[in-house]
Amino acid sequence: MSMKPVHQRGHYEGRDALWGAIRELKRFTITQVADETSGYHRSSVSTYIKSLVAAGYLEVETQVETQGLASLLQPGKPFEPVVYKLVKDAIEPPRVRRDGTHVTQGLGRDQMWRVMRILKRFILEDLIAASNTQEHKVSKEEAKTYCRYLVKAGYLRKEGKAYIHIRYTGPKSPQVQKIRQVWDPNLKEVVWPRRGER
Amino acid sequence: MENNGTIAPLHNVALCMKALERAMKRPRYLPGMVCFYGPSGWGKSFAACHVAVKYKAYYVECRSTWSKKAILAAILKEMGVAQARTVYEMTDQIIDHLRLGGQPLIVDEMDHIVDKRAVNIIRDLYDGSGAPILLIGEERIPMKLKKWERFHGRVLDWVPAQPSDVEDARVLSQFYCAQATIRDDLLSLIVNVAKGSVRRICVNLARVEEEALGMGIKEIGLEEWGKKTLWTGEAPARRLA
Chain Z
1 MSMKPVHQRG HYEGRDALWG AIRELKRFTI TQVADETSGY HRSSVSTYIK SLVAAGYLEV
61 ETQVETQGLA SLLQPGKPFE PVVYKLVKDA IEPPRVRRDG THVTQGLGRD QMWRVMRILK
121 RFILEDLIAA SNTQEHKVSK EEAKTYCRYL VKAGYLRKEG KAYIHIRYTG PKSPQVQKIR
181 QVWDPNLKEV VWPRRGER
Chain V
1001 MENNGTIAPL HNVALCMKAL ERAMKRPRYL PGMVCFYGPS GWGKSFAACH VAVKYKAYYV
1061 ECRSTWSKKA ILAAILKEMG VAQARTVYEM TDQIIDHLRL GGQPLIVDEM DHIVDKRAVN
1121 IIRDLYDGSG APILLIGEER IPMKLKKWER FHGRVLDWVP AQPSDVEDAR VLSQFYCAQA
1181 TIRDDLLSLI VNVAKGSVRR ICVNLARVEE EALGMGIKEI GLEEWGKKTL WTGEAPARRL
1241 A
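Note that the protein sequences, when read in sequence, are chains Z and V.
Using our numbering, read the first sequence as starting at 1 and increasing by one per residue.
Using our numbering, read the second sequence as starting at 1001 and increasing by one per residue.
As structure tokens, this is what we get:
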């Protein structure tokens, strides 16, 4: 089964919620995060936490480290859950695979959203020039499409060739979904089309 | 070239990037704030923007009306954190996130808060977190900051911005004049007219591209350009009969 569009997912917060809880707790066990975000299966919490460890966002902080595995297996000793610690913060929930590598989809969009916020008034070429990094480049088509949707959704205003950033809802970049609508992960709502628009 | 297709080779981008990298990689006993300064229009913010994207830095641009609390609120908004009520709680929130994130903080238009005596807010954030902080200001900012002795001592490096030159113009032409090649003679004219301003170079590069496309040529120099005018950003001189 393919993934549902982001606004239709039951617990649309997904990793957003987990990451939010992790940021809040800073030092935690898997159970604590699962409780905090009630409704997530332990195994999905565990998978995400382990991916974050692999990517270096979290560290394991338990006696296993200092006293060796044997200490956990001593008869009569109560079970001690593994404690994780947040060591590298990020605004957006890191999109990491189990092996710790990052998913790059949406990176260009994030970079453009940042540039828009900083430049405030720009032409397409400014946006591309400032957004392109050695790690990730944005194509002209990608930039054009993104701007077109952001104008429709009321984040940008177009004046001749220039765009003006008129609405900032938060650090997360609005997403253009495949079904041609704009989803704002800061507001957690579909911002375009509004009823009757398109 | 590994930086092909980016503005990383621009002098000011390279300077700004190196300054921030020095602060990020410094040994613990060295101070961690760096200051990048120069006249307006030289592309400091453009450079900082690229650096902010590259290092996912938090970026705030100060305004002249901002109070201390407004500065803190702006940084928290940038971090995506719901702000606490009081100034000291907000300061702690920011310090927490800076310490954890390892992301640098960029404070643009620093002049505004120097004039408002809000400099110590930034110093508090630095002292609390040890995070690398890049300050950006106008030409006279190093002088202005001298008054704040304890602040001044925490600055690792003072980096002056450079006016744009022909090499810069060539880098910019990949973006603003992608469909034509500009020969060096015309490129030098564009740079001279711009008087260091990145914006003027970009506008004129685009204008030249348009002209070249109109003439149906792939390469353009002074000869083809002739006596057409370039945008200087100055009001036109009055012409009396």
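A virtual CB, placed ideally from N, CA and C, is assigned to each residue, including glycine.
Taking the beta carbon of residue i as the centre, do at least 16 other beta carbons fall within 10 Å, making it buried, or is it exposed?
i, result
"V:I1106", "buried"
"Z:G108", "buried"
"V:D1168", "buried"
"V:E1078", "buried"
"V:M1033", "buried"
"Z:V60", "exposed"
"Z:M1", "Model confidence at Z:M1 stands at a pLDDT of 44, short of 50, so the residue's coordinates are unreliable; what they give is reported in the following sentence. By the neighbour-count rule (16 or more Cβ atoms within 10 Å), Z:M1 is not buried but exposed."
"V:G1043", "buried"
"Z:A143", "buried"
"V:I1029", "Just to set this straight, residue 1029 of chain V is Tyr in the shown sequence, not Ile. Exposed."
"Z:V115", "buried"
"V:M1143", "exposed"
"Z:V103", "exposed"
"V:V1198", "buried"
"Z:D35", "exposed"
"V:N1004", "exposed"
"V:E1149", "exposed"
"V:E1209", "buried"
"V:G1101", "buried"
"V:N1192", "exposed"
"Z:L187", "exposed"
What residue from the options has the CA that sits closest to residue i's CA?
i, options, result
"V:V1087", "V:E1078, V:L1020, V:L1187, V:S1067", "V:S1067"
"Z:T101", "Z:G56, Z:E125, Z:T145, Z:L150", "Z:G56"
"V:A1212", "V:D1127, V:R1183, V:L1020, V:E1109", "V:R1183"
"V:T1006", "Z:S43, Z:D126, Z:R42", "Z:D126"
"V:G1038", "V:Q1103, V:E1021, V:W1158, V:C1049", "V:W1158"
"V:S1040", "V:E1021, V:A1194, V:A1118, V:L1186", "V:A1194"
"V:G1130", "V:C1016, V:A1008, V:K1146, V:M1024", "V:M1024"
"Z:I179", "Z:I128, Z:W192, Z:D35, Z:Y155", "Z:W192"
"Z:H165", "Z:V138, Z:L124, Z:E189", "Z:L124"
"V:G1128", "V:L1186, V:E1089, V:A1161, V:L1145", "V:E1089"
"V:C1202", "Z:T169, Z:F122, Z:K88, Z:K158", "Z:F122"
"Z:K137", "Z:F79, Z:E159, Z:M112, Z:R157", "Z:M112"
"Z:P185", "Z:E36, Z:G106, Z:I22, Z:K152", "Z:G106"
"Z:K152", "Z:R167, Z:S139, Z:K140", "Z:R167"
"V:P1160", "V:W1225, V:E1139, V:V1060, V:R1207", "V:E1139"
"V:V1119", "V:Q1093, V:V1155, V:D1096", "V:V1155"
Beta-carbon within less than 8 Å of residue i's beta-carbon, same chain only, minus the 5 sequence neighbours each way: which residues are those?
i, result
"Z:H11", "Unreliable placement is indicated for Z:H11, whose pLDDT of 45 sits below 50; the coordinate value is still reported in the next sentence. Contacts found: A17, G39, Y40."
"Z:A54", "V96, R98, D99, G100"
"V:P1104", "L1020, A1023, M1024, Y1055, A1057, Y1058, A1131, P1132, I1133, L1134"
"V:I1141", "C1035, Y1037, M1110, D1111, V1114, L1135"
"V:K1146", "H1152"
Looking only at its own chain, which residues have a Cβ that is under 7 Å from the Cβ of residue i, when we skip the five neighbours before and after it?
i, result
"Z:R15", "Y48, P93"
"Z:L52", "L58, P94, V96"
"V:L1098", "L1105, L1125, S1129, A1131"
Tell me where the beta strand (DSSP E) around residue i begins and ends.
i, result
"V:I1106", "1105-1108"
"Z:D184", "182-184"
"Z:A129", "Taken as a continuous stretch (DSSP letters only), Z:A129 belongs to no beta strand (DSSP E), being part of the alpha helix (DSSP H) at 124-131."
"V:P1009", "Here V:P1009 belongs to no beta strand (DSSP E), and DSSP marks it neither H nor E."
"V:G1137", "1133-1137"
"Z:R157", "156-159"
"Z:I179", "Note, Z:I179: premise wrong, no beta strand (DSSP E); not H, not E."
"V:F1036", "1033-1037"
"V:W1042", "Unbroken run through V:W1042: none, as it is neither H nor E."
"Z:I164", "162-165"
Starting from residue i, trace the alpha helix (DSSP H) in both directions and tell me its first and last residue.
i, result
"V:K1056", "It is not in any alpha helix (DSSP H) - V:K1056 carries neither H nor E in the DSSP assignment."
"Z:G20", "15-25"
"V:C1202", "1198-1215"
"V:Y1176", "1166-1176"
"Z:C202", "Lying before the first or after the last residue shown, residue 202 of chain Z is absent from chain Z, which here runs from 1 to 198."
"Z:W113", "107-119"
Among residues of its own chain, excluding the 5 on either side of residue i, which ones have a beta-carbon nearer than 6 Å to its beta-carbon?
i, result
"V:R1123", "F1151"
"V:M1001", "Any reading at V:M1001 needs caution, since the residue's pLDDT is 44, under 50, leaving its predicted position unreliable; the model's value is listed next. None."
"V:G1233", "R1200"
"V:L1010", "D1168, V1171"
"V:R1085", "none"
"V:V1053", "none"
"V:C1062", "E1109, H1112, I1113"
"V:A1073", "Q1083"
"V:G1137", "Y1037, M1110, D1111"
Using a Cβ-Cβ distance cut-off of 8 Å, determine whether residue i contacts chain A.
i, result
"V:L1100", "Absent here is chain A; the protein component of the structure consists of chains Z and V."
Inter-stretch contact (C-beta, 8 Å, three-pair minimum) for the stretch 1169-1189 of chain V and the stretch 1208-1221 of chain V: yes
Whether or not the stretch 167-184 of chain Z and the stretch 127-137 of chain Z are in contact is what I'm after, with contact meaning three or more pairs of Cβ atoms, one per stretch, closer than 8 Å; do they touch? no
For the pair the stretch 81-92 of chain Z and the stretch 1006-1019 of chain V, tell me if three or more CB-CB distances fall below 8 Å. no
Between the stretch 1058-1067 of chain V and the stretch 147-154 of chain Z, do three or more beta carbon pairs fall short of 8 Å? no
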